[in-house]
Amino acid sequence: MKTKISLLAMLVVFSISSAFAHALWIETASTGKKGQAQEVKIFFGEYEANEPDSAAKWFSNLKQFSLVLTAPNGSTKVLTTAPDVHFFKTSFTPDEDGTYKLSIVHEVSDIYEKAKIEYYAFADVVVGNAKTNSAYPATAALTIRPEKNVFKVGETSNHQLIYNNAPFAKQKLTIVNPARKAEQTETDATGKFTFKPAEKGNYFFEAFTEDKTAGKLNGKDYEKVWHLVTYTTQVK
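In the numbering used here, the protein residues as written are -17 to 218.
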């Protein structure tokens, strides 16, 4: 049996169907150049198992996600994406030095297992010498906020998990390394966790929480909200 991502284990604890153990994530190079097109891909599936779903089969209204680009000067725009076989793709061309933030905040239009699902996905692109971009969508209830955007092998950094605009203390996260091996970590009392990459390549951060708030969505009742967030980056 293929290994499922650690998020699945957490979802099982909450009696969630494995069909919704999937995550939404963004892949792009963590550095870019002014005047040069930056390719971006958006996937949905099981990252650790390297099993992205066919873009044609994304469930509910997931294909209607909006990918927002926040420039270093604070301006924002929605990037137009096009479907490929296993992902959606787009590009943008940086025109200034700084950190560009890519973000998705998506509410699934259907109710599953009596829950409303909220997906959040983030990635950063550094152009020239830049500080970390701290601009996060106000509608993102759960965010993974990096201490910095450029990482080196063996270098320690502390990142923060924020939930409802407050540090999320003692919350478990999953970090998947370039070999697709997952490790569990936990935030401290200030919502921070340590990242110390041992090798070059792509890294995937993931967190999940369940909110017992009930409500109504598109005329249907739900008893809880599932928040799933991912952050992807490269270590060079």
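We put the beta carbon where it would ideally sit given N, CA and C, even for glycine.
Ala53 and Gln20 have their C-alpha atoms spaced approximately 13 Å apart. Counting of Cβ neighbours within 10 angstroms places Ala103 among the buried residues, the total reaching 16 or more. Under the three-state reduction of DSSP output, Lys71 falls in the strand class. The closest CA to that of Tyr204, considering only Val60, Glu78, Tyr185, Ala97, is found on Ala97.
Relative to Pro119, the option among Val211, Thr75, Val22 whose CA is nearest is Val211. In the DSSP assignment, no residue is bridged to Ala120. Residue pairing by DSSP places Ala189 opposite Leu155, Val211 in a beta bridge. The straight-line gap separating the alpha-carbon atoms of Lys198 and Asp79 is approximately 44 Å. In the three-state DSSP reduction, Gln166 falls in the strand class (E or B).
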